[in-house]
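One structure is given below, encoded as structure tokens.
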Amino acid sequence: MRIIRVNDYDEMSKKAASMVASQMILKSDSVLGLATGDTPIGMYKELVKLYNNKEIDFSDVKSFNLDEYYGLSDDNTQSYHYYMMNNLFNKVNIKRENINILSGIAKDIEKECLSYDEKIKNAGGIDIQILGIGVNGHIGFNEPSVNFEAGTHLVNLDKKTIESNSRFFESMEEVPKSALSMGIKTIMQSKVIVLLANGEAKAEAIYKSINGKICPEVPASILQLHNNVNVIVDEAAAKLLKNY
Ligand code: F6R
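If you're matching positions, the sequence shown starts at 166 in the numbering used here and goes up one per residue.
Below you can see the structure in the form of structure tokens.
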């Protein structure tokens, strides 16, 4: 694992955007694995800036998002579809047909998940996968007690995740209790992984994932076995880390 310590959120976002941009410059038809949540918003802003400055071009890029809430349609303002259109896709020249996000309202969920993994394979695999991390160590929506062998599947969200996600919803009842998520197997097949973490709330999850033992209770700990992981952490999230 390559641990890149930065001072703050801004520096983390710029470094992450530079890594994605380098990948796109080296391979114009790169396959990007993308995350949602608060963490990558700054990175998306930087990518939009680089695009506006004509430093990067999305015309041949394909994207696959990590996850989507079960039961939310694409136009629901809380959906990850909506988030991605708002934060990135509507602001750059990616082709609509090259955007892949799991459907939260697919009639046949199993088929939706299986065909997602198939589509990733047919695209040649993910060149660079961006990840955030949950306070409980989740990546994508792979919650503690995860099955490391699983591909994309329907997940029951952990109590901590539901609580944390509730900040985006008006009431607890509205917070989805399940989601479709790329599995650990899918994530681990990405060629390069960039995990982003900022803020003190992530310090324990970062410490357990990097310094702790590899175990299903800490889903992100499996990343220790991947041969090209870059973790960009600000000082607050890195504060418990030892030997880095
Ligand atoms: C989002 C995702 C999640 C988040 C994680 C951190 O697509 O897969 O694993 O990355 O929950 O969320 P934030 O960034 O909001 O702290």
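Virtual Cβ for every residue (Gly too), placed ideally from N, Cα, C.
Keep in mind the model is a prediction, meaning the values are calculated, not measured.
To the nearest angstrom, how far is it from the Cα of residue i to the Cα of residue j?
| i | j | result |
| --- | --- | --- |
| F229 | Q188 | 15 Å |
| D194 | V311 | 32 Å |
| V398 | F306 | 20 Å |
| I169 | D240 | 36 Å |
| R332 | E339 | 11 Å |
| K219 | F313 | 40 Å |
| L410 | L191 | Any property of residue 410 remains undetermined from this structure, which presents the chain solely from 166 to 409. |
| T443 | N287 | The requested residue 443 does not occur in the structure, where the chain is confined to residues 166 to 409. |
| A271 | V320 | 15 Å |
Where does residue i sit, in a helix, a strand or coil, going by DSSP?
| i | result |
| --- | --- |
| K227 | strand |
| N393 | coil |
| D282 | helix |
| Q243 | coil |
| L152 | Here the chain has residues from 166 to 409 only, and residue 152 is not among them. |
| Q354 | coil |
| I379 | coil |
Which residue from the options puts its Cα closest to that of residue i?
| i | options | result |
| --- | --- | --- |
| G424 | G207, K227 and D282 | Any answer about residue 424 is impossible in this case: the structure gives the chain only from 166 up to 409. |
| D203 | M347, M249 and K350 | M249 |
| D273 | H318, M184, R167 and D225 | H318 |
Could you tell me which residues DSSP pairs with residue i in its beta bridges?
| i | result |
| --- | --- |
| N307 | I304 |
On the premise that residue j lies in contact with residue i, defined as a C-beta separation below 8 Å, what is that separation, rounded to the nearest angstrom?
| i | j | result |
| --- | --- | --- |
| L215 | G297 | Not really, about 20 Å apart at Cβ, beyond 8 Å. |
| V213 | D292 | That pair is no contact at about 20 Å. |
| I352 | Q294 | 6 Å |
| I375 | V396 | 7 Å |
| Y235 | I266 | Wrong, their Cβ atoms sit about 13 Å apart, outside the cutoff. |
| S346 | G198 | With a Cβ gap of about 12 Å, S346 and G198 do not count as contacting. |
| N263 | K227 | 4 Å |
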